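What follows is a set of notes on a single structure, which appears directly below.
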Amino acid sequence: MTALAPAPRGTGGHPRRSRGAPALAVRSLLRGLPTVPAVVLLAVFLAGPIAYCVYYAFTDMQLTGAAGTHFVGVDNFTRAFKDTDFLNAMWLTLLFVVGSAVIGQNTLGLALAVLTQKATQPVRALVNGVVIAAWVLPEVVAGYLMYAFFYDQGSLNSLLDAVHLPDQNWLYTMPILAVCLANVWRGTAFSLMVFTAAINDVPQELVEAAEMDGAGPWQRLWRVVLPVIRPSILTNLMLITLQTLSVFGLIYTMTRGGPGNKSETLPIFMYQQAFQNSLIGYGTAIALVLLVVGALFSVVYIRLLKLEDD
Amino acid sequence: MAAVATPPAPPVSKTVPAPAPSPRRVRPGRLVINLVLIAVSVLYVLPLLWMVLASVSDTNSFRLKWPSALTLDNFDAVLNVDTTYRPMLNSLLLCGFGTAVTVVASVLCAYPLSRYRSRVRRPFLYTILFSTGLPITAVMIPVYSMFVQVNLIDSMPGTTLFLAASALPFGIWLMKNFMDGVPIVLEEAARIDGANTMQVLWRVVLPLMRPGVVVVTIFTFIGMWGNFFVPFILLLSPEKLPASVSVFTFLSAHDQTQYGQLSAFSLLYSLPVVMLYLLLARKLGGGFALGGALKG
Numbered sequence: 000m001t002a003l004a005p006a007p008r009g010t011g012g013h014p015r016r017s018r019g020a021p022a023l024a025v026r027s028l029l030r031g032l033p034t035v036p037a038v039v040l041l042a043v044f045l046a047g048p049i050a051y052c053v054y055y056a057f058t059d060m061q062l063t064g065a066a067g068t069h070f071v072g073v074d075n076f077t078r079a080f081k082d083t084d085f086l087n088a089m090w091l092t093l094l095f096v097v098g099s100a101v102i103g104q105n106t107l108g109l110a111l112a113v114l115t116q117k118a119t120q121p122v123r124a125l126v127n128g129v130v131i132a133a134w135v136l137p138e139v140v141a142g143y144l145m146y147a148f149f150y151d152q153g154s155l156n157s158l159l160d161a162v163h164l165p166d167q168n169w170l171y172t173m174p175i176l177a178v179c180l181a182n183v184w185r186g187t188a189f190s191l192m193v194f195t196a197a198i199n200d201v202p203q204e205l206v207e208a209a210e211m212d213g214a215g216p217w218q219r220l221w222r223v224v225l226p227v228i229r230p231s232i233l234t235n236l237m238l239i240t241l242q243t244l245s246v247f248g249l250i251y252t253m254t255r256g257g258p259g260n261k262s263e264t265l266p267i268f269m270y271q272q273a274f275q276n277s278l279i280g281y282g283t284a285i286a287l288v289l290l291v292v293g294a295l296f297s298v299v300y301i302r303l304l305k306l307e308d309d
Numbered sequence: 000m001a002a003v004a005t006p007p008a009p010p011v012s013k014t015v016p017a018p019a020p021s022p023r024r025v026r027p028g029r030l031v032i033n034l035v036l037i038a039v040s041v042l043y044v045l046p047l048l049w050m051v052l053a054s055v056s057d058t059n060s061f062r063l064k065w066p067s068a069l070t071l072d073n074f075d076a077v078l079n080v081d082t083t084y085r086p087m088l089n090s091l092l093l094c095g096f097g098t099a100v101t102v103v104a105s106v107l108c109a110y111p112l113s114r115y116r117s118r119v120r121r122p123f124l125y126t127i128l129f130s131t132g133l134p135i136t137a138v139m140i141p142v143y144s145m146f147v148q149v150n151l152i153d154s155m156p157g158t159t160l161f162l163a164a165s166a167l168p169f170g171i172w173l174m175k176n177f178m179d180g181v182p183i184v185l186e187e188a189a190r191i192d193g194a195n196t197m198q199v200l201w202r203v204v205l206p207l208m209r210p211g212v213v214v215v216t217i218f219t220f221i222g223m224w225g226n227f228f229v230p231f232i233l234l235l236s237p238e239k240l241p242a243s244v245s246v247f248t249f250l251s252a253h254d255q256t257q258y259g260q261l262s263a264f265s266l267l268y269s270l271p272v273v274m275l276y277l278l279l280a281r282k283l284g285g286g287f288a289l290g291g292a293l294k295g
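Chains as they are written, first to last, in numbering that gives the first Met the number 0: chain W, 0 to 309; chain R, 0 to 295.
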């Protein structure tokens with residue numbers, strides 16, 4: 000067996016280092032060749048703009064002509080942290096991410112994944128079907144449907160009237176709640192899928208053993224299933240946080256950030272500063288804040304995943 | 000948790016037949032669960048149902064009600080070049096080419112990442128994984144400034160390439176995971192027979208990971224088809240706008256609105272991705288394959 004086992008790739012060839020070194024370098028370059036198209040695309044269209052972003056964030060660039068652009072240091076940032084509209088956007092973004100992703104999508108996704116395990120097959124198919132349908136719909140269509148649903152004369156209020164509950168002009172009085180619920184409607188499918196896959200992977204013996212020991216359904220869920228799928232829960236939390244952080248189309252279709260700035264999250268605020276107020280430099284500084292927040296979550300996510308060692 | 004995990008129960012459950020009553024006892028609980036889930040499904044379905052009903056009825060209202068008479072007038076009204084055909088064709092061009100670029104580049108890039116060990120591999124993988132998390136929304140303003148400077152604003156090819164690049168990190172990551180599942184032994188046999196890297200990739204690896212390639216392709220396409228912000232920022236001319244942006248302008252231009260027509264158009268615009276998803280779900284377990292590939 001030892002004679003037949005192929006030498007581990009890449010580390011092979013060590014006995015002949017003296018004349019193999021340049022050849023090895025050439026070989027690893029050749030091996031890396033297929034990555035070139037992807038690397039070029041990523042460098043030009045992602046790394047490039049991010050580098051630009053870091054640069055512009057410290058300038059006073061405006062939409063009308065780049066000629067008058069000056070380096071202004073951290074002015075954009077000090078300005079942002081004194082700007083009540085920016086602080087408002089930060090606060091709303093926090094509400095939106097915690098409310099719709101961390102609490103809404105995560106909990107509902109987990110609950111649905113657990114419950115569908117116990118449901119009869121047609122019901123399970125129904126739930127998966129409708130939840131995923133909402134997820135597959137294009138963002139703007141989802142926004143339009145949610146606008147119609149929460150509209151003053153819309154389905155939600157008809158529903159509330161039907162059961163004699165007071166209705167609300169949702170999009171006017173509590174737009175941030177409306178967009179949170181809309182994002183839950185649209186995004187829960189992702190958590191549902193991650194959790195269903197994770198629960199299916201929980202070793203059945205473990206659950207049965209707990210059952211033999213007299214654990215009820217709650218205890219089995221709380222003490223066996225949840226601890227086992229903990230890594231998936233954390234991964235899911237990171238991913239949906241990142242997704243929700245960059246939601247633009249859904250909110251923009253439903254409320255455009257309004258009324259006033261009552262549903263103006265950071266992406267919307269950034270867009271308005273850059274394009275409606277023509278302050279590219281300021282908008283870019285906000286983009287950089289968003290990127291840094293995203294990057295922090297991304298780093299935590301990577302640490303959770305821990306790539307296999309090699 | 001410790002109390003549950005410590006007893007060496009699994010061997011016991013094999014020797015002693017498990018007492019059967021517990022699964023039967025759950026019946027009433029199961030009924031409640033089914034009812035709860037049906038209630039959730041109804042809430043989920045209402046907005047979708049409204050869209051379908053509004054598209055075939057002649058009343059203009061956000062209220063959910065059965066149409067007094069079914070009509071296809073709304074579809075008739077939107078099925079013309081300006082409203083439907085051109086935006087859909089634009090979407091198809093942007094997303095079709097964008098997806099093609101993403102899939103080809105990620106297959107090529109995933110191969111060395113999956114097969115060779117080297118010093119740059121790990122940092123590279125981490126960078127890819129890191130980029131999957133970056134909020135693309137935040138990049139749009141610098142991308143806009145950059146595109147203005149190199150005169151790529153309002154360019155379909157430019158927008159296509161950006162869409163492709165933004166889908167790449169996730170594409171590469173998924174593709175690499177699928178590729179890791181292809182046993183290396185067959186590949187070595189092909190190499191001994193004298194095949195070069197491209198032949199091995201094309202003739203051995205890709206056929207074995209076809210489901211993975213299909214998943215990446217369909218997901219990339221669905222993601223691009225729904226993307227609103229990127230073409231909204233990068234494209235200006237009305238005749239270049241894809242359906243995602245045209246439906247939005249439609250939405251804001253007609254304020255006391257043709258809800259029926261808007262719904263008809265939304266339905267037509269959503270149809271391709273729903274069909275693709277169904278295809279995926281039927282053939283490959285759909286998103287559940289994705290959910291599995293993503294979990295930690």
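Just so you know, even glycine gets a beta-carbon here, dropped at the ideal spot from N, CA and C.
Quick caveat: nothing in here was measured; it's all calculated off a predicted structure.
Cutoff 8 Å: residue i Cβ touching any chain R Cβ
{"i": "A132(W)", "result": "yes"}
{"i": "S262(W)", "result": "no"}
{"i": "I49(W)", "result": "yes"}
{"i": "F95(W)", "result": "no"}
{"i": "S297(W)", "result": "yes"}
{"i": "I175(W)", "result": "no"}
{"i": "G293(W)", "result": "yes"}
Under 7 Å by beta carbon: chain R residues contacting residue i
{"i": "T252(W)", "result": "F247 and L250"}
{"i": "R30(W)", "result": "P111 and Y115"}
Contacts of residue i in chain R (Cβ-Cβ under 8 Å)
{"i": "C179(W)", "result": "The premise fails here: C179(W) is roughly 15 Å from chain R at the closest Cβ pair, so nothing lies under 8 Å."}
{"i": "Y150(W)", "result": "F61"}
{"i": "S27(W)", "result": "Y115 and S117"}
{"i": "V129(W)", "result": "S40, Y43, V44 and L47"}
Under 8 Å between C-beta atoms of residue i and residue j
{"i": "S262(R)", "j": "N73(R)", "result": "yes"}
{"i": "I102(W)", "j": "L290(W)", "result": "no"}
{"i": "L23(W)", "j": "A141(W)", "result": "no"}
{"i": "T243(W)", "j": "A100(W)", "result": "yes"}
{"i": "M237(W)", "j": "Y300(W)", "result": "yes"}
{"i": "L303(W)", "j": "L233(W)", "result": "yes"}
{"i": "L40(W)", "j": "V138(R)", "result": "no"}
{"i": "G259(R)", "j": "N79(R)", "result": "no"}
{"i": "V181(R)", "j": "V126(W)", "result": "no"}
Where residue i falls, given that 16 or more other Cβ within 10 Å makes a residue buried
{"i": "W224(R)", "result": "buried"}
{"i": "A124(W)", "result": "exposed"}
{"i": "I135(R)", "result": "buried"}
{"i": "L173(R)", "result": "buried"}
{"i": "F296(W)", "result": "buried"}
{"i": "L93(R)", "result": "buried"}
{"i": "G186(W)", "result": "buried"}
{"i": "R229(W)", "result": "exposed"}
{"i": "Q148(R)", "result": "exposed"}
Short CB-CB distance (under 8 Å) between residue i and chain W
{"i": "F297(R)", "result": "The structure shown has nothing for residue 297(R), since chain R only spans 0 to 295."}
{"i": "A8(R)", "result": "In this prediction, A8(R) has a pLDDT of 35, which is less than 50 and means its spatial position is unreliable; nothing more can be read from the coordinates."}
{"i": "N59(R)", "result": "no"}
{"i": "S296(R)", "result": "No statement about residue 296(R) is possible, as the shown extent of chain R runs from 0 to 295 and does not include it."}
{"i": "P156(R)", "result": "no"}
{"i": "L74(R)", "result": "According to the sequence shown, residue 74(R) is Phe rather than Leu. No, its Cβ sits nowhere closer than 8 Å to a Cβ of chain W."}
{"i": "R209(R)", "result": "no"}
{"i": "Y268(R)", "result": "yes"}
{"i": "P46(R)", "result": "yes"}
{"i": "L93(R)", "result": "no"}
{"i": "Y84(R)", "result": "no"}
{"i": "R29(R)", "result": "yes"}
Reference residue i, options the options, closest by Cα
{"i": "D84(W)", "options": "L265(W), T283(W) and V298(W)", "result": "L265(W)"}
{"i": "M50(R)", "options": "T219(R), L93(R) and L270(R)", "result": "L270(R)"}
{"i": "D179(R)", "options": "S243(R), L112(R), S144(R) and P46(R)", "result": "L112(R)"}
{"i": "L202(W)", "options": "W217(W), V223(W) and S27(W)", "result": "Reading off the sequence, residue 202(W) comes out as Pro, not Leu. Considering only alpha carbons, the answer is V223(W)."}
{"i": "A132(W)", "options": "F148(W), Y150(W) and W184(W)", "result": "W184(W)"}
Interface partners of residue i on chain W, CB under 9 Å
{"i": "V204(R)", "result": "What V204(R) touches in chain W: nothing, since even the nearest Cβ is about 12 Å away."}
{"i": "A163(R)", "result": "L40 and F44"}
9 Å Cβ cut-off: residues of chain R touching residue i
{"i": "P266(W)", "result": "P134, T136, A137, M139 and F228"}
{"i": "W90(W)", "result": "By Cβ distance, chain R contributes nothing, its closest Cβ being about 18 Å from W90(W), past 9 Å."}
{"i": "W184(W)", "result": "L42, Y43 and P46"}
{"i": "P36(W)", "result": "V100, V103, A104, L107 and C108"}
Chain-ordered chain W contacts of residue i [CB-CB under 7 Å]
{"i": "L36(R)", "result": "L114, T115, A118, V122 and V126"}
8 Å Cβ cut-off: residues of chain W touching residue i
{"i": "S243(R)", "result": "P137, E138, V139 and G248"}
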